[in-house]
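The listed protein sequences derive, respectively, from chains A and B. Going by this note's numbering, the first sequence opens with residue 1, and the numbers climb by one from there. Going by this note's numbering, the second sequence opens with residue 106, and the numbers climb by one from there. Glycine residues also receive a C-beta, built at the ideal position from the N, C-alpha and C atoms.
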Amino acid sequence: MSEKYISRSKSVAARTLGGEMMIMSAKDSTLFSLSEVATLIWEAADGHTPLSEIVERRICAEFDVRSDVAYRDAEQLVEELATRGILSISSRPVPDAQGPAVEAP
Amino acid sequence: MSLMQELNDKALRLGVPLSAHLDLTYRCNERCEHCYLDHDDHGEMTTAEIKDLLRQFADAGVFFLTLSGGEPLIRRDCFEIIEDARSLGFNVKLKTNAMLIREKEALRLRALGVEQVQISVYSDRPEVHDAITKVPGSLERTVKAIRFLRSQGLRVTMANVLMRSNRGDTEGVHDLAGKLGAHYTLDPTITPMMDGNTSVLRLRVDASEISSYFHNPSLVGDVESFCAPPAAVDAQVLEGLPCSAGHTSCYVSPYGDVYPCVQFPLTCGNVRQQKFLEIWRDSPQLAEVRSIRLKDLTTCSSCTHAGSCTRCPGLAYMEGNMRGPSTADCEKSFVRTGITTAGMLARKGSPTLMPGLVQINPTPPLTV
Ligand code: SF4
Ligand code: SF4
């Protein structure tokens, strides 16, 4: 399995409102609301933590799910987020990934 | 219900200021004839103060941030502020005259992920635009800047303020926006000066002229629905809120004063003296604004236009009563539909505009 590294896109805005992550893309001004799992992945998308580690630490630790199933679902989800320009996927760590900060109110 | 409506409803329920408008300065490199600002610097917030405020905004849940002025780019730290705002996750909209935007600045705005740039354009004819801004060559520079921004793929809105001096040029600006790939908005509202001086109101076009714009499909889209008679006012409408000011949005001046909206000069506190969230949660002025429902309005609650009027409580406040009608919106409702408004009847046809104006007066800077 080749490793995947994900980074938050620099052209989106993000804010947590009442526990829900809202994302707006500057490219086409589309507003998205992320599910709980997508939010965990988005928050962990720092460009240098491998997706497999994110799944192990953030998803499997919080939800009762087998890691191979969780990884498959996460792969699908990041592909979808990448298509919408919210995340980018790389086969190598991205040293200067600096999407919006993720502190929430 | 769209996701945006859901977001607004949720912010309202949770008492979150979803949108904030921050003027970085009142200084400007143009001198527009209708501008209501005092362009002298009375002690603007420093870079550090603004960055601290942005953190407070983010903690309070602000998502949509409008940075404006004066001319915001006149501040040397403007890009540093935008960069900080973007790193805090705000959706940033910049309002500028674009005079200081060249290729390099357009590239930077794109790289920073600014969502939208709004630029005032008064005419497609330099002799008219430049006479309004009082800066020769300003239209040419502004249009060049729009081209740079568009070539970077940035969303640009051209805001066309309607006055006597440019009233013949709305179609021209509309077409220019089309050619440049920019959005177009028309605004017939002229706001009085900050010191309450109403002389700029003489620049407003007559009601009969506004009517011709309101009946122009290229400006308003579907004229029939835009100018339709108002729908019946029911109990649900009367329980409604006047607007988002002070509920999910607010304004902060370059001196740190907090208001419900840029067009609502009711001082609610100052971020140099109190934390933003304290002001947002505890200000008695904001509590009063938030307590008002349409049914509480003195004249408007009995007006047939109540459900469809664009009544601005800020303009009403400037006229002396935040629960009263706003003359400019009464006029718009009337020319749109041809139906007399309760405000007109109350004024008994008096042509007097906006008596006893209240305006934004900068809080003197703290001496430390
Ligand atoms: S109606 Fe007036 S006070 Fe309300 S948000 Fe609009 S401009 Fe501000
Ligand atoms: S038309 Fe005038 S009186 Fe009627 S709701 Fe609007 S501002 Fe109030």
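*If you drop the 5 nearest sequence neighbours on each side, which residues of the same chain put their C-beta closer than 6 Å to that of B:Phe162?*
Sequence index remark: in the second sequence, residue 162 of chain B carries index 57 (1-based). Here the set comprises Ala125.
*Min CB distance B:Phe195 to chain A below 8 Å*: For this step, residue 195 of chain B is matched to residue 90 along the second sequence. It does: the Cβ of B:Phe195 has a partner Cβ on chain A nearer than 8 Å.
*Identify every residue that forms a DSSP beta bridge with B:Phe169.*
For the purposes of this step, residue 169 of chain B is identified with residue 64 of the second sequence, where counting begins at 1. DSSP, once it has assigned bridges, lists B:Ser124 and B:Asn196 as partnering B:Phe169.
*Would you list, in chain order, the members of the segment 14–48 of chain A that have their beta-carbon closer than 7 Å to a beta-carbon of chain B?*
Ala14, Arg15, Leu17, Gly18, Met22, Met24, Ala26, Ser29, Leu31 and Ser33
*Cβ of A:Ala82 versus every heavy atom of ligand 2: is any distance shorter than 7 Å?*
For this step, residue 82 of chain A is matched to residue 82 along the first sequence. No.
*Using 7 Å as the cut-off, classify the Cβ of B:Ala433 as near or not near the heavy atoms of ligand 1, replying yes or no.*
Here residue 433 of chain B is taken as the residue at index 328 of the second sequence, counted from 1. Flag unset: Cβ of B:Ala433 not near ligand 1.
*Could you please tell me which residues of the segment 215–230 of chain B, in chain order, have their CB closer than 9 Å to any CB of chain A?*
Arg215, Ala216, Leu217, Gly218, Val219, Glu220 and Gln221
*Verify the CB distance criterion: does B:Met109 have a CB-CB separation below 8 Å to chain A?*
Residue numbering aside, residue 109 of chain B sits at position 4 when the second sequence is read from its first letter. True, the Cβ-Cβ gap to chain A drops below 8 Å.
_Taking 7 Å as the cut-off, is the beta-carbon of B:Ser316 closer than that to any non-hydrogen atom of ligand 2?_
Residue numbering aside, residue 316 of chain B sits at position 211 when the second sequence is read from its first letter. No, the beta carbon of B:Ser316 sits no closer than 7 Å to any heavy atom of ligand 2.
*For the segment 52–102 of chain A, list the alpha helix (DSSP H) runs that are entirely contained and at least 4 residues long, ordered along the chain.*
67–83
*Is the distance from the Cβ of B:Val328 to the Cβ of B:Pro322 below 8 Å?*
Here residue 328 of chain B refers to the residue found at position 223 of the second sequence. Here residue 322 of chain B refers to the residue found at position 217 of the second sequence. Closer than 8 Å, so yes.
_Complete beta strand (DSSP E) runs within the segment 125–189 of chain B (minimum length 3 residues, chain order)_ = 169–173
*Meets three-Cβ-pair contact criterion under 8 Å: the segment 402–420 of chain B and the segment 274–284 of chain B*: no
_Inter-residue CB distance, A:Ser7 and A:Ser88 (contact presumed, cutoff 8 Å)_ = Position 7 of the first sequence, counted from the start, is the residue given in the question as residue 7 of chain A. Position 88 of the first sequence, counted from the start, is the residue given in the question as residue 88 of chain A. About 5 Å; that satisfies the 8 Å criterion.
_Sub-8 Å separation of B:Ser354 and B:Pro122 beta-carbons_ = Taking the second sequence and counting its residues from 1, one reaches residue 354 of chain B at position 249. Taking the second sequence and counting its residues from 1, one reaches residue 122 of chain B at position 17. Going by C-beta atoms, B:Ser354 is nearer than 8 Å to B:Pro122.
*Pick helix, strand or coil for B:Val248, following the three-state DSSP scheme.*
Looking up residue 248 of chain B in the second sequence gives position 143. In the structure shown, B:Val248 sits in a helix (DSSP, three-state: H, G or I).
*So what does B:Ala54 bridge to, in DSSP terms?*
The displayed coordinates of chain B run from 106 to 473. Any statement about residue 54 of chain B would go beyond what the structure contains.
*Report yes or no: do three or more beta-carbon pairs, one from the segment 148–161 of chain B and one from the segment 198–212 of chain B, lie closer than 8 Å?*
no
*Taking A:Arg8 as part of the alpha helix (DSSP H), name the residues at either end of that continuous run.*
What you label residue 8 of chain A is simply residue 8 of the first sequence in a count that begins at 1. Not the alpha helix (DSSP H): A:Arg8 falls in the beta strand (DSSP E), residues Tyr5 to Arg8.
*What are the start and end residues of the beta strand (DSSP E) that includes B:Asp362?*
Counted from its first residue, the second sequence places residue 362 of chain B at position 257. It spans Asp362 to Tyr364 - the beta strand (DSSP E) in which B:Asp362 sits, taken as one unbroken run.
*Does any heavy atom of ligand 1 sit closer than 7 Å to the C-beta of B:Ala350?*
Sequence index remark: in the second sequence, residue 350 of chain B carries index 245 (1-based). Indeed, a heavy atom of ligand 1 lies less than 7 Å from the Cβ.
*Whose C-beta lies closer than 7 Å to the C-beta of B:Phe184 among residues of the same chain, with five residues either side of it excluded?*
Against the second sequence, residue 184 of chain B aligns to sequence position 79. Contacts found: Arg213.
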